[in-house]
Amino acid sequence: MSSQQQQSSSTSTNNNSLQQPIPTISVKLVLLGEAAVGKSSLVLRFVSNDFQENKEPTIGAAFLTQKCTINNQIIKYEIWDTAGQERFASLAPMYYRNAQAAIIVYDITKPASFIKARHWVKELHEQANKNITIALVGNKYDLVEDEEEGGANENEESLRKVSYEEGLNLANEEGLLFFETSAKTNHNITEVFVAIGEKIPKDKSNESNINNGNEGGRIDLLNNEHIPQKSNTCC
Amino acid sequence: MAFFENLKDKALNTFQQVLLDKKDGSGLTKEQLFCQQYHIPDGETLIYRSNGVVVVKSEYNETTQADYQVPLSQGKIYLTQHFLIFEDENDKKNCSFNLYLSTVKKVERVSSDYGELALNIITYSKLHITLHLDDIRSECERFASSLSTTLKKYLKNLNKLQPFIQTCYSEYLLSKNKITNEKIDHVPPGGLGLIFKFPGNAKELRDKTKLKMWFDYFKEHGRHLSLIKTPLYYKLIRVGLPNRLRGEIWELCSGSIYLRIDHQGEYINLLNNNKDKKSFAIEEIEKDLNRSLPEYAAYQSTEGIEKLRRVLTAYSWKNPDVGYCQAMNIVVAALLIYMSEEQAFWTLNMLCDRIVPGYYSKTMYGTLLDQRVFESLVQNTMPILWDHIIKNDIQLSVVSLPWFLSLYLSSMPLVYAFRILDIFFLQGPKTLFQVALAILKLNGDELLKTEDDGTFISIIKTYFHTLDQSAHPSSSNSKYRNTTNFQELLVTAFKEFSNIDEEMINQHKNKHRDSIFQNISSFVKRTEIRNLPRLNNISNETLNILYDRFYSSVEISNITKGSGSSLMDYKAFLKFMSDICDWVQFIDPKDEKNDTHFLKRLFNHWDPEKQNALTFSDLTVGLNNLVETDLMTSMSNFFELYDDKHNGKLDRDSIIQISEDLLYITSPWKEGYLFDEITKVAVENEVANEIYQEQIKNGNEKFELPKHVDVNREKLEQQQVQRYLQAASTFMQRSFEYAIPEKEEVLIEDLAIDNKISHNAALNPNTPVYLDRPTFRMVILADESYELLFSSTLRNATHLSKPLDQKFNPIGNIKNMFDGLLADGKKVANQVRRRMDSRASQMTNNSSNNSIKSSKSKIEEEDDEKDDDFGIISIDEKDKDLILATEAQTLVDPITNKPANQNEFKRFHKAEENSIHKHNKENLIEFET
Ligand SMILES: Nc1nc2c(ncn2[C@@H]2O[C@H](COP(=O)(O)OP(=O)(O)OP(=O)(O)O)[C@@H](O)[C@H]2O)c(=O)[nH]1
Ligand SMILES: [Mg+2]
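This is the structure we're talking about:
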């Protein structure tokens with residue numbers, strides 16, 4: 001598995017450092033999950049290899065890009081990081097439309113966030129692109145790391161509230177990739193994106209050739225009845 | 001679990017929320033609009049209005065020399081319960097005020113040069129306001145007397161004034177500088193900036209100078225509740241407010257200052273009364289406390305975090321429909337830098353209720369609507385840029401939504417965001433649009449070069465970080481060179497886009513409101529249905545119908561009740577059930593006896609929170625149990641309705657109650673309005689028999705269904721009535737026969753073997769007895785009508801998926817059913833054919849037992865039915881063979897195959913009798929389709 005992270009490029013779109021004829025594939029990826037599970041932190045780690053202890057909540061959505069090379073192919077992730085609070089859910093369709101990949105994040109110390117993750121899986125299966133690649137991610141692994149390495153006090157209640165098996169079972173039932181990660185300690189973060197890059201169906205339409213822009217009309221804000229159209233994105 | 005709490009909340013509120021939100025901005029009454037326009041609290045009504053001339057003087061004014069011309073303004077005068085309002089003809093530009101009447105010290109009549117009547121009003125702030133009314137004499141007198149009654153009436157408000165002015169920095173400023181004699185003991189409570197420093201460089205911002213200018217202004221034009229607005233007032237705000245006064249001017253501009261004085265103490269009470277209470281909103285707030293302006297020092301301290309927690313929590317109690325929305329944390333954190341907790345709390349109220357309604361609500365309706373409006377405005381004002389955005393499929397809302405929702409506080413460096421906020425509080429929500437348009441306009445050239453969201457976003461981001469830099473760094477004109485990006489932004493926003501006013505925004509809102517509303521309600525519906533617990537017996541389509549029915553009945557009942565909530569009360573529940581259940585007959589919800597009524601029992605049982613109301617989820621879970629398809633579960637569900645102690649035992653009273661309720665439920669059948677399966681089969685048999693007899697007589701192979709067959713309807717009806725009456729009495733009898741005497745098992749275990757004794761004991765009304773679940777089921781199963789009631793009759797008479805618009809009349813329906821049954825030629829024809837076949841088979845194979853029929857042949861019959869036409873049947877030799885072959889298999893009919901029950905029966909001496917019973921029934925059901 002050759003994975004090599006390129007320099008952070010949340011802004012640049014023209015890639016002038018690489019001259020070799022490696023095809024670049026653009027992948028639209030959306031992050032979903034309950035508030036404060038660490039979606040933005042996950043992205044920040046992947047894009048800038050950084051972590052902030054008190055990250056402000058995402059209002060609406062944020063957009064970042066990052067390139068990485070997977071199996072001799074450059075994948076440019078166009079990442080839509082969404083707000084986690086329940087009431088922002090009505091905005092989500094705006095961001096996951098046409099997405100080829102999704103990361104559904106929960107916090108392994110918060111059982112409610114796992115239930116929320118189930119809902120997102122359902123929602124995506126019902127509403128999103130039919131062949132969307134979904135990864136289920138249980139974040140904040142660092143919080144339980146110590147207790148799992150045998151250092152845990154028997155009497156103390158475990159911080160972990162969602163077991164690895166529960167996560168894995170959901171992933172297997174629904175055909176999702178599954179990881180437990182920590183944005184804080186950089187545990188398994190790149191792995192998530194690499195696995196998505198490997199799993200994603202690669203057909204011609206994904207290749208970033210010319211920017212064909214408009215994909216059959218703009219979507220109204222919040223037009224939930226919208227059925228995702230072609231799966232290609234612009235670069 | 002909190003999450004479920006949230007779902008419940010959602011169910012309670014979302015739909016209503018959408019309705020409420022929809023009203024906002026569109027459904028305001030005239031009075032509300034008036035209050036909104038003058039920033040006074042809702043509920044004020046116009047007592048008097050007139051044209052007039054106003055002259056204002058201040059006792060503190062040092063410039064009262066002989067040549068000083070007292071400014072004079074002509075305009076409109078309004079009197080409400082708590083306010084005297086004046087606005088000059090020049091669109092409030094020259095002179096306007098909202099005088100809070102409690103600040104009036106004295107009113108005297110003076111001679112007027114301009115009108116009929118002149119009143120000199122002297123305030124505690126030592127302003128002399130002379131009103132010259134331009135009205136007919138009688139009206140002027142009416143005004144004078146209204147004013148004096150109003151003043152007297154609100155004299156008690158004076159007590160509020162004293163503690164209140166202690167909280168105003170303007171008052172402190174004047175007292176400290178010996179202008180007033182007010183004793184202000186402490187520095188008024190203010191923002192966190194007083195302790196943790198205000199953002200920005202005070203010197204650079206010329207904070208002292210600005211404060212001095214306001215000081216002068218207060219002397220001359222009054223302050224807080226009695227401030228006169230002149231052109232200088234607007235200017236002073238536009239240049240940026242001084243740190244220490246910012247909070248007070250914000251609350252004055254927004255009108256939240258009036259909420260604060262009118263509701264003194266409410267903030268603290270809210271917190272105290274809800275101390276230690278938990279809610280989903282609080283959980284959400286907790287998640288974000290450390291994530292609110294973390295770069296500002298106060299929010300790395302417990303003091304700052306505590307304040308933020310208290311204001312957000314208090315608001316979530318004050319307005320549970322909104323609760324907490326992300327972005328509110330940032331807005332409140334920003335307010336708290338300049339405002340006391342109480343000031344911030346009331347300003348937050350003003351924001352959510354009036355200034356940006358629906359921004360933070362559960363559906364975020366206002367946010368979505370304003371985004372749409374913004375897009376329209378971009379399209380109208382910058383068509384080239386808009387085309388570019390469309391062509392490249394750029395999601396404008398990704399950049400713009402946070403601007404609006406967090407009032408630019410999460411997008412721009414704080415110092416600049418606060419400048420925008422100054423103007424926002426002054427001139428209202430149009431500010432957000434004007435600034436947003438200006439941002440796009442000023443970056444237009446750059447933005448036109450982008451083709452993707454990423455670059456688009458980063459251009460704007462970069463721009464925000466260069467607001468302090470020169471807008472024209474290479475210009476030779478030093479004036480241009482010294483203009484910062486931010487100054488240019490303000491000029492563009494408020495000069496170039498000054499035509500973007502409330503009226504234009506409202507027009508756009510009206511255009512888009514319905515489609516946003518539609519989208520939200522369908523989203524809410526989808527989510528709410530998806531979030532329901534798993535329901536095995538109700539399909540998704542049915543849930544959709546139930547959802548509409550639930551909300552339509554809730555709405556109707558609330559209109560009559562006059563209060564809004566999307567909970568279903570008992571009355572609405574009765575209506576709901578009588579709409580979809582054949583077995584529900586009218587009962588008066590006000591009837592006292594209803595407390596023991598079956599429907600009341602259902603209602604209470606389905607209401608796990610005991611809030612005397614059902615959520616949509618409660619209702620569907622209950623209905624799902626009611627239409628349970630599994631017989632054993634269905635009986636158990638029913639048992640549970642009466643198991644009030646949750647110990648699996650029904651006492652004597654409960655047994656009597658059950659039997660009464662069974663009478664109630666079965667009354668349509670007991671009274672012959674509806675026919676159950678047993679009767680239907682009997683009817684079919686009767687008809688088929690008649691035709692069969694005809695056939696035999698005529699010896700025809702082919703037959704035609706007669707147009708009319710005489711069935712003894714009366715007899716069949718009577719049979720059914722008898723059957724149900726019998727069932728009821730048998731139920732009662734058997735229940736007590738098999739009821740288990742309390743304590744018996746432990747005390748005299750040996751004797752318990754003797755059934756006779758125990759039964760006798762049970763029949764003795766003095767012996768406490770109970771019915772347990774297996775016994776209850778056994779008693780039900782022992783009666784064919786009641787068994788059928790739980791296996792199908794009740795379910796079939798509960799029409800969950802009945803379309804909402806379908807009106808139906810149960811009695812009419814029943815008649816039709818009887819006629820329909822007779823007219824159902826196919827069924828009857830099948831019956832007849834089966835008889836003929838059976839006769840044929842008896843002739844060929846006398847020994848075969850044809851009372852039991854295979855499920856396979858059943859399926860094939862159904863297929864046949866589909867092929868048949870209008871009852872003209874030719875008997876095919878091949879069919880005959882098929883049926884013969886399958887009959888020989890003597891499979892057990894799946895409907896009556898209930899091994900689990902059989903086991904239970906064996907425990908009782910009636911078991912044998914029962915199985916005979918069942919065989920009889922199989923014979924009966926033989927012809928069932
Ligand atoms: N211990 C630990 N904390 C984390 C981790 N990831 C994120 N956090 C913290 O969790 C909080 C929320 O992180 P965010 O990345 O803002 O969460 P989010 O899912 O983007 O939240 P919203 O934008 O509100 O939906 C922050 O205080 C982070 O510092 C992690 O892996 N371990
Ligand atoms: Mg985030």
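One line per chain: the protein sequences are A and B, in this order.
Last residue of the first sequence: 235 (full-length UniProt numbering), numbering continuous.
Last residue of the second sequence: 929 (full-length UniProt numbering), numbering continuous.
Don't be surprised by glycine CBs; every beta carbon is placed ideally from N, CA and C.
As the crow flies, the alpha-carbon of residue 678 (chain B) is around 52 Å from that of residue 321 (chain B). Around the beta-carbon of residue 696 (chain B), fewer than 16 other beta-carbon atoms lie within 10 Å, marking it exposed. Neighbours of residue 38 (chain A) across chain B, judged by C-beta separation under 7 Å, do not exist; the nearest C-beta is about 11 Å away. Residue contact check for residue 100 (chain A) against chain B: no CB pair falls below 7 Å. Between residue 189 (chain B) and residue 40 (chain A), the alpha-carbon positions lie close to 37 Å from each other. For secondary structure counted as the alpha helix (DSSP H) over 4 or more consecutive residues, the region 389 to 440 of chain B holds these complete runs in sequence order: 396 to 405, 414 to 427.
Listed as beta-bridge partners of residue 26 (chain A) by DSSP are A:76. Looking at the DSSP output, residue 497 (chain B) bridges to nothing. Collapsing the DSSP output to three states places residue 210 (chain B) in a helix.
If only complete runs of 3 or more residues are kept, the region 23 to 110 of chain B shows the beta strand (DSSP E) at 48 to 58, 72 to 79, 83 to 88, 96 to 100, 104 to 110, in order along the chain.
DSSP places residue 134 (chain B) within a strand segment (E or B) once states are collapsed to three. Here residue 387 (chain B) is exposed: its Cβ has fewer than 16 other Cβ atoms, across all protein chains shown, within 10 Å.
For residue 204 (chain B), the secondary structure class from DSSP, reduced to helix, strand or coil, is coil. Relative to the non-hydrogen atoms of ligand 1, the Cβ of residue 144 (chain B) never comes closer than 6 Å to any of them. When distances are taken from the beta-carbon of residue 181 (chain A) to the heavy atoms of ligand 2, even the shortest one reaches 6 Å or more. Relative to the non-hydrogen atoms of ligand 2, the Cβ of residue 39 (chain A) comes within a distance shorter than 6 Å of at least one. Put simply, the CB of residue 364 (chain B) is near chain A, with a gap under 7 Å to one of its CB atoms. If you check the C-beta of residue 54 (chain A) against ligand 1, you find a heavy atom less than 6 Å away. For residue 291 (chain B), the chain A residues whose C-beta falls within less than 7 Å of its own C-beta are 54, 55, 56, 57, listed in chain order. Taking the Cα positions, residue 723 (chain B) is about 11 Å away from residue 666 (chain B). Around residue 65 (chain A), the beta-carbon contacts reaching into chain B at under 7 Å are 454. Sequence-ordered contacts of the region 68 to 90 of chain A with chain B read 78, 80, 83, 84, 85, 86, 87, 88, 89, 90 [C-beta pairs closer than 9 Å]. For residue 442 (chain B), the closest C-alpha among the options B:452, B:382, B:418 is that of B:382. Between the region 26 to 39 of chain B and the region 111 to 123 of chain B there are fewer than three inter-stretch CB-CB distances shorter than 8 Å, so the stretches are not counted as touching. In chain order, 123, 124, 225, 226 place their CB closer than 6 Å to the CB of residue 103 (chain B), counting only its own chain and leaving out the 5 sequence neighbours on each side. Within the region 501 to 520 of chain B, those residues whose Cβ lies closer than 8 Å to any Cβ of chain A are, in chain order, 515, 516, 519, 520. Distances from the CA of residue 32 (chain A) to each of A:108, A:134, A:64 were compared; the closest alpha carbon is that of A:134. For the pair of segments examined, the region 410 to 426 of chain B was found not to touch the region 363 to 383 of chain B: the number of CB pairs separated by less than 8 Å stays below three. Rounded to whole angstroms, residue 28 (chain A) and residue 352 (chain B) show a C-alpha spacing of 35 Å.
Look at residue 167 (chain A): its C-beta is not under 7 Å from any C-beta on chain B.
Under the criterion of beta carbons closer than 8 Å, residue 34 (chain A) and residue 84 (chain A) qualify as touching, at roughly 5 Å. The Cβ atoms of residue 193 (chain A) and residue 46 (chain A) sit closer than 7 Å to each other. Rounded to whole angstroms, the gap between the alpha carbons of residue 440 (chain B) and residue 447 (chain B) is 8 Å. Of all residues in the region 107 to 121 of chain A, only 111, 112, 113, 115, 116, 119 place a beta-carbon less than 9 Å from a beta-carbon of chain B. Under the 7 Å criterion on CB atoms, residue 35 (chain A) is classed as interfacial with respect to chain B.
In the structure shown, the three-state DSSP call for residue 180 (chain A) is strand.
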